[in-house]
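Student: Dumping the structure here so I can ask a few things about it.
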Amino acid sequence: MIQSVTAVIRTAIRVEGIVQGVGFRPFVYTLATGLGLSGHVGNDTDGVFVEVEGAPAAVGEFLVLLERDAPPLARIERITTAPLPPSGSASFAIAASGSAGPRRTLVSADSATCADCLRELGDPADRRYRYPFINCTNCGPRFTIVRDVPYDRPLTTMAGFAMCQRCAAEYHDPADRRFHAQPTCCPACGPRLALLDQAGNALPAEPLAGAAALLAQGRVLAIKGLGGYHLAVDAGSETAAAALRARKHREDKPFAVLAADLAAARLLAEVDEAAAGLLTSASRPIVLLPRRRGTEVAEATAPGNRQLGIMLPYTPLHHLLIGALSRPMVLTSGNVSDEPIAYDDTDALARLGTIADAFLTHDRAIHIRTDDSVARVFRARPMLIRRSRGYVPEPVPVEHEFPRPVLACGAELKNTFCLAKERHAFVSHHIGDLENAETLRSFTEGIEHFRRLFDLDPQVVAYDLHPEYLSTKYALDLDGVELCGVQHHHAHIASCLADNRADGPVIGVAFDGTGYGTDGTIWGGEFLIADLATFERGGHLAPVPMPGGAAAVRQPWRMAAAYLDAAFSGAPPDGLSVVRRNEARWAAVVAMATRGINSPVTSSAGRLFDAVAALLGVRDVINYEGQAAVELEQLADTGEAGSYQARVGDQTPFGISGCDLVRAAAEDTAAGIPREIVAARFHHGVAALIEDGCLLLRERHGLGTVALSGGVFQNLLLLHDAVARLEARGFRVLVHSRIPCNDGGISLGQAVIAGARDRLR
Ligand SMILES: [Zn+2]
Ligand SMILES: [Zn+2]
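Convert by adding 2 to the 1-based position in the sequence shown; the result is the number in the numbering used here.
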């Protein structure tokens, strides 16, 4: 009898996506050797390359499991295979990284401490017991420590820490869970904590115990985190929270709270399943949740707020510190009011020395400043409000290939930029408001860093039409690129389309504070007929004057004056408290508005919310962008179903009378209706006018899909109502999830518009 000879095949495999620094090679090694395959695996500038040799069935199974069982932080985008002649290899090897050639691999985001590392952190027998920098291939710092690609230790801020023998042995052992974990370290060889006083001198206490003791005494502590410094206080201490607020010059904006775990978070806020998923995800954003009353969180943490921003520990240091304090702590960005957060040690001492009583710091450098991400939950789906640490720089996949590489410069406030090529859009971390030199430097340096990381040389540069935006000026200063101006609200709608992987055309409802219109006026309550390449204005809120221009943004009572004057033809009802409170300047401001002196007109929905907030006594003057609208949402009685009605004109584009809502709100207020009820009726009135505008545009254009974008839709009361009304009318409604609806999403919208126009060339 002739014994059958099993055929042997050899297959070359290429894996693209986020496959470096996530334990992919040891995973491949274990998988291949387990199936009795020989060959090799390695990293190169395109991702991971593999060759396997063995029985066809084993090779087939290898290919299935390669995709199915990939490591948790891996993001496989494409696997390609090609047959090779068998080479008779006998074993499986891991090849060294190559660094030549173009860079195409992706860098992963920073990731919260994994369960395996947490177990070791709490195990007295483990050599990393209570070591604040424990990490492995499945967790730890990534984007914030990467200086360049390929992602290997010498190109990270861990380069200066030479591995001890035991760490090096783990690092080189393919069977170890720290095999090629670039930031791996231990107490013998890795970064160390230090507790410093305000002048930067070491304090005598053991750093962790000393820091916890200071917090327990009600002191303010600066803590070096993953993407920058935080400021921390005991969240239960009214005096500590108030002191932090005063020293930070942050009057009202809520602080986020770090809770030890999900159970601790549930004591502070209502955490549904979707929120729990977000809180415990490897990205660990701050999640804004319905606050429970009567908890141990001090009122000064989030004054007058129904929401509480909660996050769970995402570094071993957080776990150890909150464990030692054993109650929730405020963890807010390490800055003074609107400045960027500090991330450089010297700078942190200089800038935070007047705020913090002590510094809990360490000697691992942060290469790039990255703020905490912020999310809400809408209909059991995450809704990112700030997409930064834990998400960036993972690309947003898009439907269509970019013909040429694109840089999109974003907006002025909440700036992000976006670099895009092929099927990837790399939306940057949160840069901030481009209104000071340091933020502008973060913007320009960030663009250079992304260009290097993703080997991307932009040929098309998209920018906002606002001539005074610093991001616009930056774009217009570039040489040798093709420029692509994008209207602000078109960018909002395009970012919503990209977020939903849709092309349009749609009815785009873009409601926000301010955006430069194609007619040179300030837009912000827009109904667009839009696809990715083009748009036309289908309707808008009827323009009103903004008495004093920028002053009217800071002082919502001025918008109340302008709206009330227009709504009542100069004779608003007697006894309105907003008139009384601002009596001294009321007549002069109304005169400015009616005569059009220093009063640009706007169709902004944000200003309409401001007017009603001031009318109801919520806020005459704001301390941060959007504050009046945020507080108006908090005020509204969620049980009230009544609504005001705004007239829709029959012009093209149509105008909708925001004055009608203000008039109704003022009449109810004058009649003594509680302001919680008025606030709710106003919200429902805005949702109703969105419904009416979309119905009219469906009649005119035959479109059945609506995209909702712009910062106003961070308001969940409005969003829930608008979506419900539109769905009841048979519309398909697109809302944001992965990308913020606010100006943080503008750069992605600009990028996909530039790509779409490039495809039409
Ligand atoms: Zn780990
Ligand atoms: Zn070590």
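Every residue, glycine too, gets a C-beta built ideally from N, C-alpha and C.
(1) Express the C-alpha separation of E538 and K423 in angstroms, rounding to a whole number.
(2) Count the other C-beta atoms from every protein chain shown that fall within 10 angstroms of the C-beta of P74, then say buried if there are 16 or more, exposed otherwise.
(3) Count Cβ pairs between the segment 308-324 and the segment 269-276 that sit closer than 8 Å; are there 3 or more?
(4) Does DSSP put A102 in a helix, a strand or coil?
(5) How should L502 be labelled, buried or exposed, when 16 other C-beta atoms within 10 angstroms of its C-beta is the threshold for buried?
(6) Per DSSP, what are the beta-bridge partners of L719 in this structure?
(7) By a C-beta neighbour count over all protein chains shown, 10 Å radius and 16 as the cutoff for buried, is R597 buried or exposed?
(8) In this structure, does DSSP put S40 in helix, strand or coil?
(9) Do three or more CB pairs link the segment 158-176 to the segment 189-205 at distances below 8 Å?
(10) Helix, strand or coil for R649, going by three-state DSSP, please let me know.
(11) Under 8 Å by Cβ, that's how I've got P305 and D254 pegged, so tell me the actual separation to the nearest angstrom.
(12) Can you find the residues in the same chain that come closer than 8 Å, C-beta to C-beta, to I755, ignoring five residues on each side of it along the sequence?
(13) Can you confirm whether the segment 439-450 touches the segment 735-749 when touching is taken to mean that 3 or more C-beta pairs between the two stretches lie within less than 8 Å?
(14) Quick check: is any heavy atom of ligand 2 less than 7 Å from the C-beta of C187?
(15) Taking 8 Å as the cut-off, decide whether the C-beta atoms of I288 and D374 are in contact.
(16) With which residues is C166 paired in a DSSP beta bridge?
(17) Measuring only the C-alpha atoms, how far is E18 from L467?
(18) Helix, strand or coil: which one does DSSP assign to Y465?
(19) Is the CB of P209 under 8 Å away from at least one CB in chain B?
(20) Exposed or buried, what is T604 when buried is set at 16 or more other beta-carbons lying within 10 Å of its beta-carbon?
(21) By DSSP, does V620 sit in helix, in strand, or in coil?
(22) Could you tell me which residues DSSP puts in a beta bridge with W525?
(23) Does the distance between the C-beta of T115 and the nearest non-hydrogen atom of ligand 1 fall short of 7 Å?
(24) Taking the Cβ atom as the reference point for each residue, do C141 and A114 lie within a distance shorter than 8 Å?
(25) May I have the straight-line CA-CA distance separating P126 from A215, to the nearest angstrom?
(26) Round the Cβ separation of N717 and E635 to the nearest angstrom and send it over; I've been treating them as touching at under 8 Å.
(27) Tell me which same chain residues have a C-beta within less than 7 Å of the C-beta of R286, skipping the five on either side of it?
(28) State yes or no: is the C-beta of A616 within less than 8 Å of the C-beta of W525?
(29) Return the CA-CA distance between E341 and G355, expressed in angstroms with no decimal places.
(30) Look up A60 in the DSSP assignment and say whether it is helix, strand or coil.
(31) Quick one: what's F404 bridged to in DSSP?
(32) How big is the Cα-Cα spacing for P88 and G751?
(33) Which same chain residues, not among the five before or five after G238, have their C-beta less than 8 Å away from its C-beta?
(34) What is the DSSP secondary structure of D46, counted as helix, strand or coil?
(35) Taking 8 Å as the cut-off, decide whether the C-beta atoms of A360 and L246 are in contact.
(36) Using a Cβ-Cβ cutoff of less than 6 Å, which residues in the same chain neighbour A690 once the five nearest sequence positions on both sides are dropped?
Tutor: Reading from the atomic positions:
(1) Walking along the sequence shown from the start, residue 423 turns up at place 421. Walking along the sequence shown from the start, residue 538 turns up at place 536. K423 and E538: Cα-Cα distance of roughly 27 Å.
(2) As a position in the sequence shown, residue 74 is number 72, starting the count at 1. Label assigned to P74: exposed.
(3) yes
(4) Here residue 102 is taken as the residue at index 100 of the sequence shown, counted from 1. Legend: pLDDT at A102 = 49, less than 50; position of this residue unreliable, no value from coordinates given.
(5) Walking along the sequence shown from the start, residue 502 turns up at place 500. First, the residue type needs correcting, since residue 502 is Asn and not Leu in the sequence shown. With 16 or more other Cβ atoms within 10 Å, it is buried.
(6) By one-based count along the sequence shown, residue 719 stands at place 717. L719 is not bridged to any residue.
(7) By one-based count along the sequence shown, residue 597 stands at place 595. Per the 10 Å Cβ criterion, exposed.
(8) As a working note, residue 40 is residue 38 in the sequence shown. Looking at S40 - three-state DSSP - the assignment turns out to be strand.
(9) yes
(10) Taking the first residue of the sequence shown as 1, we reach residue 649 at position 647. It is coil, neither helix nor strand.
(11) Stepping through the sequence shown from its first residue, residue 305 is reached at position 303. Stepping through the sequence shown from its first residue, residue 254 is reached at position 252. P305 to D254, Cβ: 6 Å. Contact.
(12) Here residue 755 refers to the residue found at position 753 of the sequence shown. Here the set comprises A464, C486, V488, H492, A493, A496, L534, A535.
(13) no
(14) For the purposes of this step, residue 187 is taken as the residue at position 185 of the sequence shown. Yes, the Cβ of C187 comes within 7 Å of a heavy atom of ligand 2.
(15) The sequence position of residue 288 within the sequence shown is 286, counting from 1. The sequence position of residue 374 within the sequence shown is 372, counting from 1. Yes, the Cβ-Cβ distance between I288 and D374 is below 8 Å.
(16) Here residue 166 corresponds to residue number 164 of the sequence shown, with the count starting at 1. For C166, which the question treats as bridged, DSSP gives no partner whatsoever.
(17) Position 16 of the sequence shown, counted from the first residue, corresponds to residue 18. Position 465 of the sequence shown, counted from the first residue, corresponds to residue 467. Approximately 36 Å, taken between the alpha carbons.
(18) By 1-based counting over the sequence shown, the position of residue 465 is 463. Here Y465 sits in strand by DSSP.
(19) Checking the listed chains, one finds no chain B in this structure; it contains a single protein chain.
(20) On the sequence shown, residue 604 is found 602 positions in, with the first residue counted as 1. By the 10 Å Cβ count, T604 comes out buried.
(21) Here residue 620 is taken as the residue at index 618 of the sequence shown, counted from 1. Of the three classes helix, strand and coil, the one that applies to V620 here is coil, per DSSP.
(22) Taking the sequence shown and counting its residues from 1, one reaches residue 525 at position 523. Paired residue(s): G517.
(23) Reading the sequence shown from its first residue, position 113 is the one you call residue 115. Under cutoff, so the answer is yes.
(24) Here residue 141 refers to the residue found at position 139 when the sequence shown is read from its first residue. Here residue 114 refers to the residue found at position 112 when the sequence shown is read from its first residue. Yes, the Cβ-Cβ distance between C141 and A114 is below 8 Å.
(25) Working through the sequence shown from its first residue, we reach residue 126 at position 124. Working through the sequence shown from its first residue, we reach residue 215 at position 213. Using only the alpha carbons, I get a separation of about 22 Å.
(26) To locate residue 717, count along the sequence shown from 1; it is residue 715. To locate residue 635, count along the sequence shown from 1; it is residue 633. Between E635 and N717 the Cβ distance is about 5 Å, and since that is below 8 Å, they are a contact.
(27) Taking the sequence shown and counting its residues from 1, one reaches residue 286 at position 284. So the list reads A114, M313, L314, Y316, G392, once near-sequence residues are dropped.
(28) Within the sequence shown, residue 616 is the residue found at index 614, counting from 1. Within the sequence shown, residue 525 is the residue found at index 523, counting from 1. Taking 8 Å as the Cβ cut-off, A616 and W525 do not qualify as a contacting pair.
(29) The sequence position of residue 341 within the sequence shown is 339, counting from 1. The sequence position of residue 355 within the sequence shown is 353, counting from 1. Distance between the alpha carbons of E341 and G355: 15 Å.
(30) Residue numbering aside, residue 60 sits at position 58 when the sequence shown is read from its first letter. Here A60 sits in helix by DSSP.
(31) In the sequence shown, residue 404 corresponds to position 402, counting from 1. E424.
(32) Mapped onto the sequence shown, residue 88 falls at position 86. Mapped onto the sequence shown, residue 751 falls at position 749. Cα to Cα, P88 sits roughly 49 Å from G751.
(33) Along the sequence shown, read from residue 1 onward, the residue named residue 238 stands at position 236. For G238, where only same-chain residues beyond five positions count, the Cβ hits under 8 Å are E298, V299, A300, R329, P330.
(34) Within the sequence shown, the letter at position 44 stands for residue 46. Residue state, collapsed to three classes: strand.
(35) Residue numbering aside, residue 360 sits at position 358 when the sequence shown is read from its first letter. Residue numbering aside, residue 246 sits at position 244 when the sequence shown is read from its first letter. No; because the gap between Cβ atoms is not below 8 Å, this pair is not in contact.
(36) Position 688 of the sequence shown, counted from the first residue, corresponds to residue 690. For A690, where only same-chain residues beyond five positions count, the Cβ hits under 6 Å are S645.
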